[in-house]
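A.B. asks: Counted from 1, the sequence shown has number 1144 at position 42 by the working numbering; the numbering is strictly sequential.
There's a structure below that I have some questions on.
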Amino acid sequence: MKAKVIANGQPREVELPCTVAQFLAQCGWKPTQVVVECNGNILPRSELATRSLQDNDRLEIIIPVAGG
């Protein structure tokens, strides 16, 4: 079953079932290098592999940058 999710403001189709970690991998992001907000809630990294995406989920994927 296909579902639509909004990732960083862009609509994307995903094949369900799909976890957040699987979605990140499909998009080329490493779960250890990003912070993910789903529907307004920051997901703990420990939940990325178990949190299943649902139709119309809204994700914000943030890549932290450090520097001086």
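Just so you know, even glycine gets a beta-carbon here, dropped at the ideal spot from N, CA and C.
Considering only their Cβ atoms, is the gap separating residue 1125 from residue 1138 smaller than 7 Å?
C.D. replies: In this structure, residue 1125 does not lie closer than 7 Å to residue 1138 by Cβ.
A.B. asks: Within the continuous alpha helix (DSSP H) that includes residue 1129, where are the two ends?
C.D. replies: 1122 to 1129 is the extent of the alpha helix (DSSP H) around residue 1129.
A.B. asks: On the three-state DSSP scale, how would you describe residue 1112?
C.D. replies: Correct three-state label for residue 1112: strand.
A.B. asks: Could you work out which residue in 1142, 1149, 1108 is closest to residue 1134 when comparing CA atoms only?
C.D. replies: Taking only the C-alpha atoms, the option nearest residue 1134 is 1149.
A.B. asks: Is the CB-CB distance between residue 1108 and residue 1153 below 7 Å?
C.D. replies: No.
A.B. asks: On the DSSP bridge assignment, give the partners of residue 1143 in chain order.
C.D. replies: For residue 1143, which the question treats as bridged, DSSP gives the partners 1140.
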